[in-house]
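Working notes, beginning with the structure itself.
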Amino acid sequence: MNEEKFMKIRLSSIHPSAAVPFDIFVHIGGKFIHYLRVGDFISAEKIKSFERRAPDVFFIYSSERLNYKKYVRERMLSDQLPSREKALILRESSLSMMEELFENPDVNKALNESKEIINEFISFMDQDPEAMGHLIGLSSHDFYTYNHSLDVGIYSLGLAKVTGIKGTDLHDMGQGALLHDIGKRHVNVDIICKSGPLDEVEWAQMQKHPQYGLSILDNYSVSDAVRACCFEHHESFLGNGYPQQLQGHEIHPMARIVAITDTYDALTTKRSYNAPMSPSAALNFMKEKLSTRYDADLLRAMFEVLFQMESVMPLAEAK
Ligand SMILES: [Fe+2]
Ligand SMILES: [Fe+2]
921 MNEEKFMKIR LSSIHPSAAV PFDIFVHIGG KFIHYLRVGD FISAEKIKSF
971 ERRAPDVFFI YSSERLNYKK YVRERMLSDQ LPSREKALIL RESSLSMMEE
1021 LFENPDVNKA LNESKEIINE FISFMDQDPE AMGHLIGLSS HDFYTYNHSL
1071 DVGIYSLGLA KVTGIKGTDL HDMGQGALLH DIGKRHVNVD IICKSGPLDE
1121 VEWAQMQKHP QYGLSILDNY SVSDAVRACC FEHHESFLGN GYPQQLQGHE
1171 IHPMARIVAI TDTYDALTTK RSYNAPMSPS AALNFMKEKL STRYDADLLR
1221 AMFEVLFQME SVMPLAEAK
């Protein structure tokens, strides 16, 4: 069977104990094997156990993509599901889309996909005052470019909302944050996945990703804000960032937001060579040790975003 015919999904986006509306396959030993057929059921326990042991092996036919999205949307509109469950479904269904965002050679498709993901997040946030807190509390803290980008997207929407950004600007913010590292598509995968610190040559290549990202986006119709998130998120308020050494307010406000959420995510994420910090330890570290890099007002506002998470989910429970 041809791999392009299949699209990865996360099993935790599936409603336990209800008939599945599409066939679900498991990818084992290079083959796609029918796991569930339309009308079959799967229990919550099984979903949980698969998610722990093998989260990345479930697929549906690519031709069912719209059907799958409709299914996720309907679950998001249900009155029966608590906010936390909805946040989980939205995160999990978006993760499979994010993977495509970074792997799919068709950039235009990826850009449209990123817009759709952000629309879903914003409408969830508009519908449910606890949405942001749960979405943040569920962040994965595992480092893959797409996990990282999704988390930076969510934190950035949270921080942007707290600072009064709305409407089209909020959509641009989300899309820019999702795509901030899209230039990593052109960085050697061994460098991206390296489990230790980078050497000088590798670091020089890694530092080109904002430029690579800009040249990818230059061929497509995206807003200046989205472009800036991609090109300016490693600038530092003091002027010692890269690639342009912009200073303070020369840096686009949305790129200043991504600079904060990007570092926050890196500090709270498990890497093989460092232990993850807790959310509050990471923010305090940024405030005490790195504050000259960031817009001070935005950094203060980030504490408010964290507070939203703590108000719906005690820190001990946050993943
Ligand atoms: Fe980056
Ligand atoms: Fe990043």
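Just so we're aligned, residue 921 is where the sequence shown starts under the working numbering, counting upward by one.
Every residue gets a Cβ at the ideal spot worked out from N, C-alpha and C, and that includes glycine.
It should be emphasised that the depicted structure is a prediction, and the values quoted were computed from it without experimental measurement.
- The beta carbon of residue 1092 sits closer than 6 Å to those of 1143, 1145 and 1146, all from its chain and outside the five residues before and after it, given in chain order.
- Segment contact: the region 994–1013 against the region 925–936, three or more CB-CB distances shorter than 8 Å; contact assigned.
- Distance from the CA of residue 941 to the CA of residue 958, rounded to the nearest whole angstrom, comes to 5 Å.
- One residue list follows from the rule of a beta carbon closer than 5 Å to any heavy atom of ligand 2, given in chain order as 1101 and 1182.
- Collapsing the DSSP output to three states places residue 956 in a strand.
- In the DSSP assignment, residue 1177 falls within the alpha helix (DSSP H) that extends over 1173–1188.
- Counted as a single uninterrupted DSSP element, the beta strand (DSSP E) harbouring residue 948 occupies residues 944–948.
- For residue 996, the enclosing alpha helix (DSSP H) has its first and last residue at 985–997.
- Distance from residue 1038 to residue 1078 at the Cβ level is roughly 13 Å; contact not present, criterion being Cβ atoms closer than 8 Å.
- For residue 1132, the three-state secondary structure derived from DSSP is helix.
- Contact between the region 1174–1188 and the region 1040–1050 is absent, with fewer than three C-beta pairs closer than 8 Å.
- When rounded, the separation of the alpha-carbon atoms in residue 1212 and residue 1158 is 6 Å.
- Counting every other CB atom within 10 Å of its CB across the protein chains shown gives residue 1150 a total of 16 or more, marking it as buried.
- Taking C-beta separations shorter than 8 Å and ignoring five residues to either side along the sequence, the partners of residue 1090 in its chain run 1042, 1077, 1080 and 1081, following chain order.
- Straight-line measurement puts the Cα of residue 956 at about 15 Å from the Cα of residue 927.
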